[in-house]
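*Asks:*
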Amino acid sequence: MSEAAATPTPQTEPVSAPLTPAREVWLHFRQNKGAMIGMYFIIALVIVAILADLLAPHSPIVQYREALLVPPVFQDGGSWRFILGTDDIGRDILSRLIHGARLSIIIGFIVVFLSLGFGVVLGLSAAFARGTVEILIMRLMDIMLALPSLLLAIVIVAILGPGLFNAMIAVSIVSLPHFTRLARASAMSELTREYVSSARIAGAGTLRLMFRTVLPNCMAPLIVQATLGFSNAILDAAALGFLGLGAQPPTPEWGTMLAGSLQYVQRAWWVVTFPGLAILLTVLAFNLMGDGLRDALDPKLKR
Amino acid sequence: MTVVMEAKGVRRYYEVKKGMLAKAATVRAVDGVSFTLEAGRTLAIVGESGCGKSSLARVLAMLEPPSDGELLIDGLPTLAPEADRRVALRRAVQMVFQNPYGSLNPRHTVGRILEEPLEINTDLSRDQRAEAARAILARVGLRPEAYGRYPHMFSGGQRQRIAIARALMLKPRVVIADEPVSALDISIQGQILNLLMDLQEELRLAYIFVSHDLGVVHHIADEVMVMYLGRPVEHGETGLLFDRPAHPYTRALLGSRPRIQTGANKIPRKTLSGELPSPLRPPPGCAFHQRCTFATELCKRDRPELRQVEGRAVACHHAETVLGGAD
Amino acid sequence: MPALLEIRGLTVEFTTSRGILRAVDRVDMDVAEGEVLGVVGESGSGKSVSMLALMGLLGSNAKLTADRLAFAGTDLLTLTPRQRRKLVGKDVAMIFQEPTTSLNPCFTVGFQIVEALKEHMGGTRKWRRDRAVELLNLVGIPDPGARLNAFPHQLSGGMNQRVMIAMAIACQPRLLIADEPTTALDVTIQAQILELLTRLQRQHNMAMVLITHDMAVVSETAQRVQVMYAGQLVETRSADDLFSRPRHPYTAALLSSLPEHAERRARLATIPGLVPGIGDRPVGCLFSPRCAHANDRCRAERPDLYRDPEGLARCFYPLDDSGRPEGVAA
Numbered sequence: 001m002s003e004a005a006a007t008p009t010p011q012t013e014p015v016s017a018p019l020t021p022a023r024e025v026w027l028h029f030r031q032n033k034g035a036m037i038g039m040y041f042i043i044a045l046v047i048v049a050i051l052a053d054l055l056a057p058h059s060p061i062v063q064y065r066e067a068l069l070v071p072p073v074f075q076d077g078g079s080w081r082f083i084l085g086t087d088d089i090g091r092d093i094l095s096r097l098i099h100g101a102r103l104s105i106i107i108g109f110i111v112v113f114l115s116l117g118f119g120v121v122l123g124l125s126a127a128f129a130r131g132t133v134e135i136l137i138m139r140l141m142d143i144m145l146a147l148p149s150l151l152l153a154i155v156i157v158a159i160l161g162p163g164l165f166n167a168m169i170a171v172s173i174v175s176l177p178h179f180t181r182l183a184r185a186s187a188m189s190e191l192t193r194e195y196v197s198s199a200r201i202a203g204a205g206t207l208r209l210m211f212r213t214v215l216p217n218c219m220a221p222l223i224v225q226a227t228l229g230f231s232n233a234i235l236d237a238a239a240l241g242f243l244g245l246g247a248q249p250p251t252p253e254w255g256t257m258l259a260g261s262l263q264y265v266q267r268a269w270w271v272v273t274f275p276g277l278a279i280l281l282t283v284l285a286f287n288l289m290g291d292g293l294r295d296a297l298d299p300k301l302k303r
Numbered sequence: 304m305t306v307v308m309e310a311k312g313v314r315r316y317y318e319v320k321k322g323m324l325a326k327a328a329t330v331r332a333v334d335g336v337s338f339t340l341e342a343g344r345t346l347a348i349v350g351e352s353g354c355g356k357s358s359l360a361r362v363l364a365m366l367e368p369p370s371d372g373e374l375l376i377d378g379l380p381t382l383a384p385e386a387d388r389r390v391a392l393r394r395a396v397q398m399v400f401q402n403p404y405g406s407l408n409p410r411h412t413v414g415r416i417l418e419e420p421l422e423i424n425t426d427l428s429r430d431q432r433a434e435a436a437r438a439i440l441a442r443v444g445l446r447p448e449a450y451g452r453y454p455h456m457f458s459g460g461q462r463q464r465i466a467i468a469r470a471l472m473l474k475p476r477v478v479i480a481d482e483p484v485s486a487l488d489i490s491i492q493g494q495i496l497n498l499l500m501d502l503q504e505e506l507r508l509a510y511i512f513v514s515h516d517l518g519v520v521h522h523i524a525d526e527v528m529v530m531y532l533g534r535p536v537e538h539g540e541t542g543l544l545f546d547r548p549a550h551p552y553t554r555a556l557l558g559s560r561p562r563i564q565t566g567a568n569k570i571p572r573k574t575l576s577g578e579l580p581s582p583l584r585p586p587p588g589c590a591f592h593q594r595c596t597f598a599t600e601l602c603k604r605d606r607p608e609l610r611q612v613e614g615r616a617v618a619c620h621h622a623e624t625v626l627g628g629a630d
Numbered sequence: 631m632p633a634l635l636e637i638r639g640l641t642v643e644f645t646t647s648r649g650i651l652r653a654v655d656r657v658d659m660d661v662a663e664g665e666v667l668g669v670v671g672e673s674g675s676g677k678s679v680s681m682l683a684l685m686g687l688l689g690s691n692a693k694l695t696a697d698r699l700a701f702a703g704t705d706l707l708t709l710t711p712r713q714r715r716k717l718v719g720k721d722v723a724m725i726f727q728e729p730t731t732s733l734n735p736c737f738t739v740g741f742q743i744v745e746a747l748k749e750h751m752g753g754t755r756k757w758r759r760d761r762a763v764e765l766l767n768l769v770g771i772p773d774p775g776a777r778l779n780a781f782p783h784q785l786s787g788g789m790n791q792r793v794m795i796a797m798a799i800a801c802q803p804r805l806l807i808a809d810e811p812t813t814a815l816d817v818t819i820q821a822q823i824l825e826l827l828t829r830l831q832r833q834h835n836m837a838m839v840l841i842t843h844d845m846a847v848v849s850e851t852a853q854r855v856q857v858m859y860a861g862q863l864v865e866t867r868s869a870d871d872l873f874s875r876p877r878h879p880y881t882a883a884l885l886s887s888l889p890e891h892a893e894r895r896a897r898l899a900t901i902p903g904l905v906p907g908i909g910d911r912p913v914g915c916l917f918s919p920r921c922a923h924a925n926d927r928c929r930a931e932r933p934d935l936y937r938d939p940e941g942l943a944r945c946f947y948p949l950d951d952s953g954r955p956e957g958v959a960a
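Chains as they are written, first to last, in the working numbering: chain A, 1 to 303; chain B, 304 to 630; chain C, 631 to 960.
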């Protein structure tokens, strides 16, 4: 050791301690309590969604005619048979919520997948093509942003016809501009960096530059937006369900559940409160995690 | 001597829009640069920021096409219509950038960064590529562990070694180094310059060395081209230019360079008054006349062309006076 | 001469995710009235951090300790950072490396100078404006009246640095800290700015701390030089002595690594290895892993600053006039 250190010109230099980018992000993320709670909630929700058939005490669509509007277990008249009570036609609310979690996760996932995918392609195309293509894409996005998002979604569902799948498409289209603009903005700032020029000199073609060189470096803000978009998607789909344009009864979708039992809000608070609470907590969890991710990913980018 | 790169009146113009209604103005970032570069030699391009040296580097690296003029590599024009020949020529010219923090993709491992040029340009198998990358890592003085690590785990000097390694992956004839050491500490600068010189001798590389640091240029370059507002003002052998500059601007650059001096009678720096004029509104006549102590009416009116004076090319009406004049 | 600035045992530690980083390690510094002190070091040597600490400009993850920190006889340690900034803001001014980012892009140059005047000098509106024009004139900006209304992005880097200098000297400070003031500028502009700084320093008998990595700039400007390495002061002496007879091997190695000191195209002398980081600070002398003369004692013990006839050097075996370490057999 002492000999090596004293050599005037060694052929190699020591390399500083390794820490992969992912691990560094995780270290930062872990320090954010809210984000961790959000993440645990989401993990729990995903497990519940996957195991819905095993966890739910009843079928979500079976109507127990003898037990209409039974209150939850902790209230007078409640029983362990229906832990969170039943709705106006005797369906178990807990079972419906558990199955609804599955739907909400699927909705969130598909919507984010669609809008992120198309948003990235459109945004990167705009950033790389410039000129007319860019103007066309970005002005279209501006027009979409200028319309109230729910109104636009309603219009799209009205054209496509009501239904859960069409609602998902509508919500994807509505959230597309956010992803497109974000992808374009971060791609444009990355394009000025020298490593892009290096890749060009190495002979990389446009597609390679777009998806292998630039895209991975734009992912941080997009991941954050995707997390927040997840909650938006759930909320918008619930809103469409509430308006009767999304999932159709008897599908146990949280927004539809709210809508179907609105007239009982005075008599039976539980029919409205539990689906509402489920939406609220899920959206909150995703937002907390998204904020935590943003904080964890950002300082890394600035270095 | 084999000429590997030749520029014939290379120009690069940019359109600058000032508002929606105003007519686009043209910035002549590079305005007529010609040179020949032989294998194993270093041409330094020197000037202050805004003189067009970085734009020229981008044109020479084929990142941007010249607006006018011709660039030949190994005697073949780079604007050749045949796509496959262009690809082959492009491999012959590689580049090392100033900022080693920006020029390496932060999301890729060093191994992937080094192998990318091979992946795009050759049919080598994965193992062959990895082998080539490891060999070159050792050559630029990095440990084999570096292969699987990310750029942010390295210091500035080590990153610049990685950048040099990547430039060498395709066995280029010419390496364009755009301020390769100016972001590094002094003790590290020496390491990188030594590496560049070693590689040059070993591989007979030709370097285009873009820099504003005259100390470094004097050390490493065989010939120097001084640029001012997009045009070469003096071009010749390094020793000649540094010992007897013929253009007042070269003289001013050399005079304003800080030097380590001790003792009571330090030679004060000769400072140049004024700043670089706006490239959007270049002055008529010689672009340098407003800051020049030799300027006459002729300089305000006629732009001097490059001409041969005492073994170098110089664009000054009064080159003989400058050369003959005392300090 | 009485010391204008007196620093003893200044230590700055940063809490990072990878542990505690001691960026400045018990640094002493004296600056006399009207003196130009050069502080030289590579990146990570702590040369800027120590001055930011003095100005109270460090973030919340930094911890500052010192045995003594005094400006013109006032103890700064007992003051809160806010009070310190107020006291120091008038008499100590600072200019930074990047003139374009040091100025607020939203306001005109004139507004920013006038604000600085208002804060520390008061005076009437008219007086402040006239003073701003006078200042711009003083730092050599042509047509100063019109330039007052210019925004930073409309001026060149050199012009912005002149504006920064004008703001810095607006309140006639007794000490100017210049942190790499010319690094971002071109050679010809660099020469202009250094000439300006030296002229102002002489005219106002202002003390100046010039932080830079450029040895040549220091040799031309400073009377006394401190060399820093890995947060420690390793050598201090007059500029003439330091550049002609460096005693610390690090200083000597830095000087010999300059291309000016080598034969053309010859391989340059280099310092192998890297500045130690958080995890790899050696037990012995911090420079020992890179030092050509280090022996077992250097690797086991940390040297103090030892006094020699002309200054101080943190080395067991300081170099003699011929550049060989004293008391070591070859």
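Note that CB positions come from ideal geometry on N, CA and C, so glycine has one too.
Quick caveat, the model's predicted, so the values are computed rather than measured.
1. In its own chain, which residues sit with a C-beta less than 7 Å from the C-beta of B:Tyr531, not counting the 5 before and 5 after it?
2. Determine whether the beta carbon atoms of A:Val120 and A:Leu215 lie at a separation below 8 Å.
3. Less than 8 Å between CB atoms is the rule here; does B:Glu284 satisfy it with respect to chain A?
4. Just verifying my parser: in three-state terms, what is the DSSP assignment at C:Ile771?
5. How about B:Ile495 and B:Pro483: do their beta carbons lie closer than 8 Å?
6. How many Å lie between C:Arg583 and C:Leu827 at the Cα?
7. When you compare only the Cα positions, how much space is there between A:Ile223 and B:Gly459?
8. Alpha carbon to alpha carbon, how far is B:Val625 from B:Thr596? Give it in angstroms, no decimals.
9. If distances are taken between C-alpha atoms only, which option among C:Ala860, C:Thr645, C:Ala662, C:Arg877 comes closest to C:Ala837?
10. Examine chain A for any beta-carbon lying closer than 8 Å to the beta-carbon of B:Ala435, and answer yes or no.
11. Given a cut-off of 8 Å, decide if C:Met685 and C:Val722 are closer than it, judged by their beta-carbon atoms.
12. Just verifying my parser: in three-state terms, what is the DSSP assignment at C:Thr828?
13. Excluding the five sequence neighbours on either side, which residues of its own chain have a C-beta within less than 6 Å of the C-beta of C:Ile807, listed in chain order?
14. Roughly how many whole angstroms lie between the Cα atoms of B:Asn408 and B:Glu448?
15. With 16 other CB atoms within 10 Å as the buried threshold, where does A:Asp87 fall?
16. Against chain B, with Cβ distances strictly below 8 Å, would A:Gly290 count as a contact?
17. Taking only beta-carbon atoms, is C:Thr730 less than 8 Å away from chain B?
18. Curious, which full-length beta strand (DSSP E) runs of at least 3 residues does the stretch 404-431 of chain B contain?
19. Does C:Pro782 come out as helix, strand or coil in the three-state DSSP assignment?
20. Give me, in chain order, the residues of the same chain whose beta-carbon lies closer than 6 Å to that of C:Gly861; leave out the 5 immediate sequence neighbours on both sides.
21. Can you check whether the C-beta of C:Val855 is within less than 8 Å of a C-beta belonging to chain B?
22. Relative to chain C, which residues along the stretch 517-550 of chain B have a C-beta separation below 8 Å, given in chain order?
23. Of all the residues that make up the stretch 396-411 of chain B, which are near chain A by a beta-carbon distance shorter than 7 Å?
24. Which class does C:Ala723 belong to by DSSP, given the choice of helix, strand or coil?
25. Hey, out of A:Arg65, A:Gly244, A:Ile106, A:Ile201, whose CA is closest to A:Pro162's CA?
26. Does the separation of the CB atoms of A:Gly38 and A:Leu288 fall below 8 Å?
27. So B:Asp488 contacts chain C; which residues on that side make the cut at Cβ distance below 7 Å?
28. Quick check on DSSP: helix, strand or coil for B:Tyr453?
29. Which chain F residues are close to B:Ile439, counting only those with a beta carbon under 9 Å from its beta carbon?
30. The beta strand (DSSP E) that contains C:Phe644, what's its start and end?
31. Closest to C:Arg920 by CA distance: which of C:Pro906, C:Asn734, C:Gly753 is it?
32. With DSSP run on the structure shown, which of helix, strand or coil describes C:Thr708?
33. To the nearest angstrom, how far is it from the Cα of C:Ala702 to the Cα of C:Val718?
34. Taking only runs that begin and end inside the stretch 191-277 of chain A, name each unbroken alpha helix (DSSP H) of 4 or more residues, in chain order.
35. So the beta strand (DSSP E) B:Ile376 belongs to, where does it begin and stop?
36. Would you say the stretch 468-483 of chain B touches the stretch 204-219 of chain A, given that touching needs at least three Cβ pairs under 8 Å?
*Replies:* Result, derived from the coordinates:
1. Locating residue 531 of chain B in the second sequence gives position 228, where the first residue counts as 1. Counting only Cβ-Cβ distances below 7 Å, and skipping sequence neighbours, we find Gly350, Cys354, Tyr552, Ala590, Phe591.
2. Within the first sequence, residue 120 of chain A is the residue found at index 120, counting from 1. Within the first sequence, residue 215 of chain A is the residue found at index 215, counting from 1. Yes, these two residues count as a Cβ contact at 8 Å.
3. Since the first residue of chain B shown is 304 and the last is 630, residue 284 of chain B is not available in this structure.
4. Within the third sequence, the letter at position 141 stands for residue 771 of chain C. Three-state result, C:Ile771: coil.
5. Reading the second sequence from its first residue, position 192 is the one you call residue 495 of chain B. Reading the second sequence from its first residue, position 180 is the one you call residue 483 of chain B. Against a cut-off of 8 Å, the Cβ pair of B:Pro483 and B:Ile495 comes out as a contact.
6. Limits of chain C in this structure are 631 at one end and 960 at the other, which puts residue 583 of chain C out of reach.
7. Counting from 1 along the first sequence, the entry for residue 223 of chain A is found at position 223. Counting from 1 along the second sequence, the entry for residue 459 of chain B is found at position 156. Each residue's alpha carbon lies about 29 Å from the other.
8. Your numbering for residue 596 of chain B matches position 293 in the second sequence. Your numbering for residue 625 of chain B matches position 322 in the second sequence. So the alpha carbons of these two residues sit roughly 10 Å apart.
9. Mapped onto the third sequence, residue 837 of chain C falls at position 207. When each option's Cα is compared against that of C:Ala837, the closest is C:Ala662.
10. Here residue 435 of chain B is taken as the residue at index 132 of the second sequence, counted from 1. Judged by the 8 Å Cβ criterion, B:Ala435 is not in contact with chain A.
11. On the third sequence, residue 722 of chain C is found 92 positions in, with the first residue counted as 1. On the third sequence, residue 685 of chain C is found 55 positions in, with the first residue counted as 1. In this structure, C:Met685 lies closer than 8 Å to C:Val722 by Cβ.
12. For the purposes of this step, residue 828 of chain C is taken as residue 198 along the third sequence, with counting starting at 1. C:Thr828: helix per DSSP, three-state reduction.
13. Here residue 807 of chain C is taken as the residue at index 177 of the third sequence, counted from 1. Shown here for C:Ile807: same chain residues with a beta carbon closer than 6 Å to its own, the five before and five after excluded, namely Met681, Met724, Val839 in chain order.
14. As a first step, residue 408 of chain B must be located in the second sequence, where it is residue number 105. As a first step, residue 448 of chain B must be located in the second sequence, where it is residue number 145. Their backbone Cα atoms lie some 18 Å apart in a straight line.
15. In the first sequence, counting from the first residue as 1, residue 87 of chain A sits at position 87. In the assembly as shown, A:Asp87 is a buried residue. Its beta-carbon has 16 or more other beta-carbons within 10 Å.
16. Against the first sequence, residue 290 of chain A aligns to sequence position 290. With 8 Å as the cut-off, A:Gly290 does not count as an interface residue toward chain B.
17. Along the third sequence, one-based indexing puts residue 730 of chain C at 100. Cβ-Cβ to chain B under 8 Å: no for C:Thr730.
18. none
19. Along the third sequence, one-based indexing puts residue 782 of chain C at 152. Of the three classes helix, strand and coil, the one that applies to C:Pro782 here is helix, per DSSP.
20. Here the question's residue 861 of chain C lines up with position 231 in the third sequence. Shown here for C:Gly861: same chain residues with a beta carbon closer than 6 Å to its own, the five before and five after excluded, namely Arg652, Ala653, Val654, Asp655, Gly676 in chain order.
21. To locate residue 855 of chain C, count along the third sequence from 1; it is residue 225. Taking Cβ atoms only, chain B never reaches closer than 8 Å to C:Val855, which makes this a no.
22. Leu517, Gly518, Val519, His521, His522, Ile523, Thr541, Gly542
23. Gln397, Met398, Phe400, Asn402, Gly405, Ser406, Leu407, Asn408, Pro409, Arg410
24. The sequence position of residue 723 of chain C within the third sequence is 93, counting from 1. Correct three-state label for C:Ala723: strand.
25. If you number the first sequence from 1, residue 162 of chain A lands on position 162. Checked all of A:Arg65, A:Gly244, A:Ile106, A:Ile201; the closest Cα to A:Pro162 is A:Gly244.
26. Mapped onto the first sequence, residue 38 of chain A falls at position 38. Mapped onto the first sequence, residue 288 of chain A falls at position 288. Yes, the pair counts as a contact, with Cβ atoms nearer than the cut-off.
27. To locate residue 488 of chain B, count along the second sequence from 1; it is residue 185. Those within 7 Å of B:Asp488 in chain C are Glu672, Ser673, His843.
28. Here residue 453 of chain B corresponds to residue number 150 of the second sequence, with the count starting at 1. Reduced to three states, the DSSP call for B:Tyr453 is coil.
29. Any reference to chain F falls outside this structure, whose protein chains are A, B and C.
30. Taking the third sequence and counting its residues from 1, one reaches residue 644 of chain C at position 14. Where C:Phe644 is concerned, the enclosing beta strand (DSSP E) stretches over 633-646.
31. Looking up residue 920 of chain C in the third sequence gives position 290. Ranking the options by Cα distance to C:Arg920, first place goes to C:Pro906.
32. Here the question's residue 708 of chain C lines up with position 78 in the third sequence. In this structure, C:Thr708 counts as coil in the three-state DSSP scheme.
33. Stepping through the third sequence from its first residue, residue 702 of chain C is reached at position 72. Stepping through the third sequence from its first residue, residue 718 of chain C is reached at position 88. Rounded to whole angstroms, C:Ala702 to C:Val718 spans 10 Å at the Cα level.
34. 194-201, 215-242, 254-260
35. By 1-based counting over the second sequence, the position of residue 376 of chain B is 73. Start and end: 371-376.
36. no
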